[in-house]
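My numbering runs 3 ahead of the 1-based position in the sequence shown. Take a look at the structure set out below.
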Amino acid sequence: MGILQYFLGISFKRDHQGLFLQQQNYAADILHRAGMTDCNPCLTPCDTKSKLAAADSPRISDPTLYRSLAGALQYLTFTRPDIAYAVQQICLFMHDPRESHFHALKRILRYLKGTLSQGLRMSRSSSYDLVAYSDADWAGCPTTRRSTSGYCVYLGPNLILWSSKRQATISRSSAEAEYRGVANAVSETTWIRNLLLEMKIPLPRATIVFCDNVSAIYMSSNPVQHQRTKHVEIDIHFVREKVAISQVKVLHVPSAQQFPDIFTKGLPSPLFLDFRSSLNVR
């Protein structure tokens, strides 16, 4: 069928340096459906204020449009990891959307207006180092007090996996929230290692998982089980097992280089643009 150029709304552009994945036409269609083709662009997809709450404003008159646009934005995150957190936030309220939620959705569309041509860059590389960054925003949801986990995984220089998701249970400390995020990242990298092994590409080195919480790093290697950590015992043993067999190393990273912050909270525009570049969004 020839060289791949367009598939399921995603365009593929090749050059001597690698591959560029883009959904510009799809994003433009979303703006058209929302009647915001001529809207004013903004620098970030969400603000740095408090999180969206469940019932902080009146219900919107057309919830069907909200759900349709939110679902379309979910598909756009396949090549736009920079909007993953903002989209995750608005999708939490698809069952009962309010005016404040619709304003947040419109801000995402305004951000897309100014970044329509951006997409995900995949570079040629001989490196097979698997590196993950994990972060969590402890008790960030004002309604349920659940935490938001975020992680991103690189194979060599290329971003291949990312996630922004609210945790299923309430964490009693920031260390617990961060550790659950680390466990999610380790689970995904374990799956990737097994997939590459089936493709006859065994990884020679351990997966590096970076986290900015010292307590979570300590729990990943300390064999002593404390009373206060029994409720996260399964996650702790899962990660420790991978550390013990040298498949994973959990290391500290300074907050200034904690890229998954972009998946757990709204950031000031200078920091957001810096982290967006680190995600290979070009």
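Each residue gets a CB set at the ideal place from its N, CA and C atoms; glycine is no exception. Quick caveat: nothing in here was measured; it's all calculated off a predicted structure.
Item checked: the segment 181-194 touching the segment 113-127, judged by at least three CB pairs closer than 8 Å -> no
Notebook entry, point to check: Quick one: Cα of Lys168 to Cα of Thr40, how far?
Noted result: 29 Å
Check: Of the residues Thr267, Lys116, Tyr221 and Lys252, which one's Cα is nearest the Cα of Thr151?
Finding: Thr267
Check: Could you give the residue range of the alpha helix (DSSP H) that holds Lys109?
Finding: Glu102 to Gly117
Checklist line | Delimiting residues of the alpha helix (DSSP H) encompassing Thr67 | finding: Pro66 to Leu79
Item checked: DSSP beta-bridge partners of Lys203 -> In the DSSP output, where bridge partners are listed per residue, Lys203 has none listed.
Check: Could you check where the beta strand (DSSP E) with Ala87 kicks off and where it finishes?
Finding: Segment Ala87 to Cys94 is the alpha helix (DSSP H) holding Ala87; no beta strand (DSSP E) there.
Notebook entry, point to check: Which one of Arg110, Glu102 and Gln27 has the shortest CA to CA distance from Gly269?
Noted result: Cα-wise, what sits closest to Gly269 is Arg110.
Item checked: Complete beta strand (DSSP E) runs within the segment 165-205 (minimum length 3 residues, chain order) -> none
Next item on the list: May I ask you to report which of helix, strand or coil DSSP gives Asp238?
Entry: helix
Next item on the list: State the Cα-Cα distance for the pair Gly12 and Asp32, rounded to the nearest angstrom.
Entry: Cα to Cα, Gly12 sits roughly 11 Å from Asp32.
Checklist line | Three-way DSSP call (helix, strand, coil) for Ile13 in this model | finding: For Ile13, the three-state secondary structure derived from DSSP is strand.
Check: Who are the near neighbours of Tyr88 in its chain, counting only those whose CB is closer than 6 Å to its CB and skipping five residues on each side?
Finding: Cβ within range, chain order: Ser167 and Phe266.
Notebook entry, point to check: Would the beta-carbon of Leu133 fall within 8 Å of that of Leu158?
Noted result: yes
Item checked: Alpha-carbon spacing of Ala209 relative to Thr67, whole angstroms -> 47 Å
Notebook entry, point to check: Under 8 Å, do Ile63 and Arg101 count as touching if we go by C-beta distance?
Noted result: yes
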